[in-house]
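**Student:**
Numbering (our numbering), first residue to last: 1080 to 1266.
(1) Cα separation between residue 1118 and residue 1246?
(2) Pull the bridge partners of residue 1221 from the DSSP assignment, please.
(3) I'd like to check one pair, residue 1234 with residue 1215: are the Cβ atoms closer than 8 Å?
(4) Around the C-beta of residue 1230, are 16 or more other C-beta atoms found within 10 angstroms, so that it is buried, or is it exposed?
(5) Can you give me the C-alpha to C-alpha distance between residue 1263 and residue 1187, rounded to a whole angstrom?
(6) CB residue 1225 to CB residue 1144, shorter than 8 Å?
(7) Any idea if residue 1157 is buried or exposed, counting beta-carbon neighbours within 10 angstroms, 16 or more meaning buried?
(8) Does DSSP put residue 1214 in a helix, a strand or coil?
(9) Below 8 Å on the Cβ atoms is my contact criterion, and I expect residue 1197 with residue 1241 to pass it. Report the Cβ-Cβ distance as a whole number of Å.
(10) Mapping DSSP to helix, strand and coil, what is residue 1257?
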């Protein structure tokens, strides 16, 4: 099992063998990098908002009813916008106990099975998230606070992030299918 801290720094996803798939993968990687930068800025902004809230409440006795929801909304966006980037690096938690005892061919089949299963789950999650977003948008759902921001904002970020994760996993399945080097190592 790997924890990540003992690994070398990631240099990005491997370049696929097929030229068209390589171009698509590179474009997706660039998009994920852009969302990562946006998410880093949102995380810093969230920290500043929460710090402002604590300082204004403690020292100046000023209530802030907007900061909790704004922070939660930004954290939802950061979490879901970065999922595809992490998946591109295969950075999600995985147990490698089976990988070490299986043959390369069986392990490749196991990884393909897990990727396809993950893809199906993420596509379903995306579909349900888009349904939730649509319902919140058309019905005008808001939070129950006095600030009452619209709920379509976090639902939209969740739906977009899960859709992007689905595209990333689909890209990894496509790379696994089209790469010649994967087929040679599995034989």
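In this text, a Cβ means the ideal position worked out from N, Cα and C, and glycines have one as well. Being a predicted model, the structure only gives us computed values, none of them experimental.
**Tutor:** According to the structure shown:
(1) If you number the chain shown from 1, residue 1118 lands on position 39. If you number the chain shown from 1, residue 1246 lands on position 167. If you take the alpha carbons of residue 1118 and residue 1246, they lie about 19 Å apart.
(2) In the chain shown, the residue the question calls residue 1221 occupies position 142. As computed with DSSP, residue 1221 is found in a beta bridge with 1229.
(3) Here residue 1215 refers to the residue found at position 136 when the chain shown is read from its first residue. Here residue 1234 refers to the residue found at position 155 when the chain shown is read from its first residue. Yes, they are a contact pair.
(4) For this step, residue 1230 is matched to residue 151 along the chain shown. Burial state of residue 1230 is buried, judged by a 10 Å Cβ sphere holding 16 or more other Cβ atoms.
(5) Taking the chain shown and counting its residues from 1, the one referred to as residue 1263 is at position 184. Taking the chain shown and counting its residues from 1, the one referred to as residue 1187 is at position 108. Here residue 1263 scores only 48 on pLDDT, less than 50, and its place in the model is too uncertain to base an answer on.
(6) As a first step, residue 1225 must be located in the chain shown, where it is residue number 146. As a first step, residue 1144 must be located in the chain shown, where it is residue number 65. In contact: residue 1225 and residue 1144 (Cβ atoms closer than 8 Å).
(7) Mapped onto the chain shown, residue 1157 falls at position 78. Around the CB of residue 1157, 16 or more other CB atoms lie within 10 Å, so the residue is classed as buried.
(8) For the purposes of this step, residue 1214 is taken as the residue at position 135 of the chain shown. Annotated three-state conformation of residue 1214 is helix, per DSSP.
(9) Here residue 1197 is taken as the residue at index 118 of the chain shown, counted from 1. Here residue 1241 is taken as the residue at index 162 of the chain shown, counted from 1. The pair is not a contact, with the Cβ atoms about 12 Å apart (cut-off 8 Å).
(10) Within the chain shown, residue 1257 is the residue found at index 178, counting from 1. In the displayed model, residue 1257 falls within a helix according to three-state DSSP.
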